[in-house]
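Asks: Okay, handing you the structure first.
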Amino acid sequence: MDRIRLIGGNELNGEIAISGAKNAALPLMIASLLTDEPLVLQNVPRLADVKQLERILENHGVDIAVHGRRRGEDDMVGQRMTFHAADIVDTTAPYELVSKMRASFWVIGPLLSRCHEARVSLPGGCAIGTRPVDLFLFGLKALGAEIDIDEGYVVARAPKGGLVGATIAFPKVSVGATHTILMAATLAKGTTVIENAAQEPEITNVAECLVAMGAKITGIGTRTLTIEGVERLHGATVDVIPDRIETGTFAMATAMTGGNVLLKGARPEHLQSALDILAQTGTRLTVEPGGLRVQRSGNGIAAVDVETDPFPGFPTDLQAQFMALMTMSEGTSQIRETIFENRYMHVAELVRFGADIAVDGQVATIHGKPQLKGAQVMATDLRASVSLVIAGLAASGETIVNRIYHLDRGFEGLEDKLSRCGAEIERVAG
Ligand SMILES: CC(=O)N[C@H]1[C@@H](OP(=O)(O)OP(=O)(O)OC[C@H]2O[C@@H](n3ccc(=O)[nH]c3=O)[C@H](O)[C@@H]2O)O[C@H](CO)[C@@H](O)[C@@H]1O
Ligand SMILES: C=C(OP(=O)(O)O)C(=O)O
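Using UniProt numbering, you'd call the opening residue of the sequence shown number 1 and step up by one each time.
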């Protein structure tokens with residue numbers, strides 16, 4: 001298994017091109033199941049999760065093409081890909097493929113809507129919590145689907161004539177359930193209203209893609225989405241938005257090491273709450289025409305309390321990275337994780353650097369230290385992994401991060417991007 005080796009202590013200085021968002025690219029790829037015409041996606045990141053979803057879509061019969069780099073484009077530019085679901089040849093998403101990645105469960109929405117049936121393996125739990133699918137099933141049933149659970153599979157059937165629009169008031173905000181019901185409703189008969197919808201920028205990216213494909217959606221970007229079902233959708237060409245979690249991750253890395261980095265293509269409005277918190281830590285943030293500049297020089301890191309929340313709140317996917325930053329703050333901070341019940345797996349690993357962190361239920365209390373010391377650590381999930389890289393960049397001496405396959409799920413060219421800014425970091429194969 002590959003590892004990352006890094007020597008901490010260098011400031012980060014330079015420019016980092018922000019990649020397309022994993023959490024937007026995945027549902028956009030899934031949206032291709034809704035039409036028999038090609039969907040072209042631009043700025044798709046090169047990630048293990050994207051590859052895995054390609055396998056799943058190919059199993060349903062989607063033809064996928066990756067277009068070559070255009071003249072003048074550098075090698076960090078995102079992929080341009082075509083997804084063509086002319087015929088859906090199989091409406092089953094098997095365990096072997098779905099169990100590796102949670103978002104693959106979301107194919108249930110388009111499959112059910114277009115083919116009137118779907119058999120999708122339950123995604124199962126993962127390191128950050130139990131992650132049930134009750135909200136998905138609640139929404140699909142409201143659209144008229146009959147649902148059975150059979151040998152670990154969700155077997156869903158639409159009524160004769162297809163899904164029927166309904167008002168669905170989610171009791172809890174769910175990104176995945178919102179994506180799924182939104183996609184399913186585009187081809188349902190009549191009007192669907194999704195209340196208490198997730199408002200994440202990735203939902204907006206998908207909703208705008210669906211509109212470009214001929215869907216009728218209003219309320220995009222708000223808590224209430226209204227979808228007027230149409231007979232069919234058509235092809236479109238859509239850009240994947242820049243990754244706000246990657247943006248926040250590099251911003252926190254720069255805040256921790258010190259330095260001056262331009263995050264090229266970043267969209268600050270997609271992570272304003274995290275940037276507001278970062279500014280309170282003493283990090284200087286400047287919006288420039290090319291992106292977001294992050295600077296910290298000389299001054300210490302102020303301790304700030306944070307609570308994770310659905311968008312526009314502070315994202316849970318930046319919680320581990322922010323905790324890494326707080327381990328070197330000049331004081332005591334508290335983090336409350338409200339989205340996932342078990343998203344503190346990085347705590348035990350951060351402690352190996354000498355960090356002082358105590359967890360009590362949802363709350364982690366971090367007593368900042370002036371310096372961390374490099375260590376051997378183990379990545380436990382995607383964002384936890386990158387928090388260890390950030391800690392290692394600021395720690396003195398050598399750090400080895402084991403099990404970095406988690407990182408490859410969601411960070412494109414991480415070592416390359418960091419080493420171009422002065423970090424001493426390399427991947428060790430084996
Ligand atoms: C691929 C992708 O985009 N993943 C993101 C997505 O995950 P994902 O879509 O899985 O997260 P959700 O927004 O659905 O989860 C939010 C909360 O709702 C709960 N829940 C969810 C569905 C359900 O049927 N029942 C239920 O109780 C979950 O257990 C969790 O406690 O949003 C999360 C919250 O911003 C992010 O951390 C993930 O990075
Ligand atoms: C938790 C994440 O992804 P997933 O929902 O695919 O597990 C993430 O992107 O941080």
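C-beta atoms are modelled at their ideal positions from N, C-alpha and C, and glycine is treated no differently.
Rounded to the nearest angstrom, what separates Val206 and Arg352 at their Cα positions?
Replies: When rounded, the distance between both Cα atoms is 40 Å.
Asks: Where does residue 444 sit, in a helix, a strand or coil, going by DSSP?
Replies: Residue coverage of the chain in this structure runs from 1 to 430, which leaves residue 444 outside it and unanswerable.
Asks: What did DSSP end up calling Gln295 once you bin it into helix, strand or coil?
Replies: Note: Gln295 maps to strand in three-state DSSP.
Asks: Report all residues from its chain with a CB closer than 8 Å to the CB of Tyr344; omit the five preceding and five following residues, and keep chain order.
Replies: Glu337, Val359, Ala364
Asks: Hey, could you find the ends of the alpha helix (DSSP H) Val66 is sitting in?
Replies: Here Val66 belongs to no alpha helix (DSSP H); instead the beta strand (DSSP E) covers 63 to 67.
Asks: Could you check what DSSP says for Asp356 in three-state terms: helix, strand or coil?
Replies: strand
Asks: Quick check: is any heavy atom of ligand 4 less than 7 Å from the C-beta of Leu26?
Replies: For the structure depicted, ligand 4 is absent and the ligand set comprises only ligand 1 and ligand 2.
Asks: Provide the residue(s) that pair with Ile168 in DSSP beta bridges, ordered along the chain.
Replies: Ile194
Asks: Helix, strand or coil: how does DSSP classify Ser273 here?
Replies: helix
Asks: Among the residues of its own chain, which have a CB less than 6 Å from the CB of Ala127, if the five just before and after it don't count?
Replies: Excluding its 5 nearest sequence neighbours in each direction, Ala127 has C-beta neighbours in its own chain below 6 Å: Met345, Thr380, Asp381, listed in chain order.
Asks: Beta-carbon within less than 7 Å of Asn10's beta-carbon, same chain only, minus the 5 sequence neighbours each way: which residues are those?
Replies: Closer than 7 Å at Cβ, skipping near neighbours: Thr257, Gly422, Ala423, Glu424.
Asks: Taking 7 Å as the cut-off, is the C-beta of Thr130 nearer than that to any heavy atom in ligand 1?
Replies: Thr130: yes, Cβ under 7 Å from ligand 1.
Asks: Three or more C-beta pairs closer than 8 Å, one from the region 15 to 23 and one from the region 42 to 51: is that the case here?
Replies: yes
Asks: Measuring from the CB of Leu382, is there a heavy atom of ligand 2 at a distance below 7 Å?
Replies: yes
Asks: Spatial neighbours of Gln362 within its chain, please: C-beta separation below 7 Å, excluding the five flanking residues on both sides.
Replies: Arg336, Glu337, Thr338
Asks: By alpha-carbon positions, which one of Gly374, Thr249, Arg383, Gly368 ends up nearest to Gly8?
Replies: Gly374
Asks: Can you check which of these residues, Pro123, Ile88, Thr92, is closest to Ser99 by C-alpha distance?
Replies: Pro123
Asks: What does a CB cutoff of less than 6 Å around Thr191 pick up in its chain, not counting 5 residues either side in sequence?
Replies: Gly165, Glu228
Asks: Can you tell me which of Ser329, Thr91, Thr82, Glu412 puts its alpha carbon nearest to the alpha carbon of Glu246?
Replies: Checked all of Ser329, Thr91, Thr82, Glu412; the closest Cα to Glu246 is Glu412.
Asks: Which residue's Cα is closest to the Cα of Trp106: Ile203, Val230, Ala255, Glu208?
Replies: Ile203
Asks: For a quick check, are the C-beta atoms of Glu117 and Arg157 less than 8 Å apart?
Replies: yes
Asks: Let me confirm a value: Ser297 is counted as buried when at least 16 other C-beta atoms fall within 10 Å, else exposed. Which label applies?
Replies: exposed
Asks: Is Glu337 helix, strand or coil when you go by DSSP?
Replies: coil
Asks: My understanding is that residue 432 touches Leu182, with C-beta atoms under 8 Å, so please give their C-beta distance in whole angstroms.
Replies: With the chain covering only 1 through 430, there is no way to say anything about residue 432.
Asks: Closer than 7 Å: is that where the CB of Pro315 sits relative to any heavy atom of ligand 1?
Replies: Of the heavy atoms belonging to ligand 1, at least one sits nearer than 7 Å to the Cβ of Pro315.
Asks: CB of Lys172 to nearest heavy atom of ligand 1: below 7 Å?
Replies: yes
Asks: Taking DSSP as the reference, what is the three-state secondary structure of Arg114?
Replies: helix
Asks: Would the beta-carbon of Asp22 be found less than 7 Å away from any heavy atom of ligand 2?
Replies: Contrary to the premise, residue 22 reads as Lys rather than Asp in this sequence. Lys22: yes, Cβ under 7 Å from ligand 2.
Asks: Alpha carbon to alpha carbon, how far is Thr130 from Arg3? Give it in angstroms, no decimals.
Replies: 28 Å
Asks: Could you tell me which residues DSSP pairs with Met378 in its beta bridges?
Replies: Asn402
Asks: From what residue to what residue does the alpha helix (DSSP H) around Lys22 run?
Replies: 22 to 31
Asks: For Leu39 versus Phe83, is the C-beta distance shorter than 8 Å?
Replies: With contacts defined as CB atoms closer than 8 Å, Leu39 and Phe83 qualify as a contacting pair.
Asks: Could you give the residue range of the beta strand (DSSP E) that holds Asn260?
Replies: 259 to 264
Asks: Could you check which residue in Pro289, Thr178, Arg232 has the C-alpha nearest to that of Thr222?
Replies: The option with the nearest alpha carbon to Thr222 is Thr178.
Asks: With respect to 7 Å, is the separation between the Cβ of Arg223 and the closest non-hydrogen atom of ligand 1 below this value?
Replies: Distances taken from the Cβ of Arg223 to the heavy atoms of ligand 1 include none shorter than 7 Å.
Asks: What does a CB cutoff of less than 8 Å around Pro312 pick up in its chain, not counting 5 residues either side in sequence?
Replies: Gln199, Gln272, Ser273
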